[in-house]
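The next block holds one structure in the form of structure tokens; read it before the comments.
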Amino acid sequence: MTRELGSRLMAGLQLLGRSLMLPIAVLPVAGLLLRLGQPDLLDIGFVAAAGQSIFDHLALIFAIGLAVGFADDSNGAAGLAGVVGYLVLDAVLHTINPDINMGYWPG
Numbered sequence: 051m052t053r054e055l056g057s058r059l060m061a062g063l064q065l066l067g068r069s070l071m072l073p074i075a076v077l078p079v080a081g082l083l084l085r086l087g088q089p090d091l092l093d094i095g096f097v098a099a100a101g102q103s104i105f106d107h108l109a110l111i112f113a114i115g116l117a118v119g120f121a122d123d124s125n126g127a128a129g130l131a132g133v134v135g136y137l138v139l140d141a142v143l144h145t146i147n148p149d150i151n152m153g154y155w156p157g
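The number in the working numbering is simply the position in the sequence shown, starting from 1, with 50 added.
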């Protein structure tokens with residue numbers, strides 16, 4: 051009984067670890083974008099905004115990554131990439147023009 055429980059627990063922890071790998075893979079890119087856009091380095095505001103948007107929505111990215119990882123087919127990497135792409139696009143466009151409304155496509 052304990053051997054079966056231990057193997058089920060280990061399988062669950064391995065699934066959790068695999069689920070966390072995809073959102074964690076986004077963090078180095080976000081850090082690089084944030085640092086490269088800072089005023090003391092390249093001073094490109096929209097690059098810094100792109101990196102900051104990923105950090106601002108980190109909870110959402112981890113929630114989607116965990117949901118995709120625990121799904122039966124684990125085929126949701128495109129869903130996570132789509133959310134990250136939208137968040138970056140939204141932050142970059144708001145840096146260029148703060149009055150833009152991304153809730154309405156023509157802006």
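Glycine included, each C-beta is placed from N, C-alpha and C at the ideal position.
Asked	Found
Of the listed residues H107, R53 and L72, nearest to V118 (C-alpha basis)	L72
Minimum C-alpha distance to F112 - residue among P148, I74, L59 and G81	I74
Burial state of I146 (16 or more Cβ within 10 Å)	exposed
Inter-stretch contact at 8 Å, needing at least 3 Cβ pairs: the stretch 136-146 / the stretch 97-110	yes
With 16 other Cβ atoms within 10 Å as the buried cut-off, status of L83	buried
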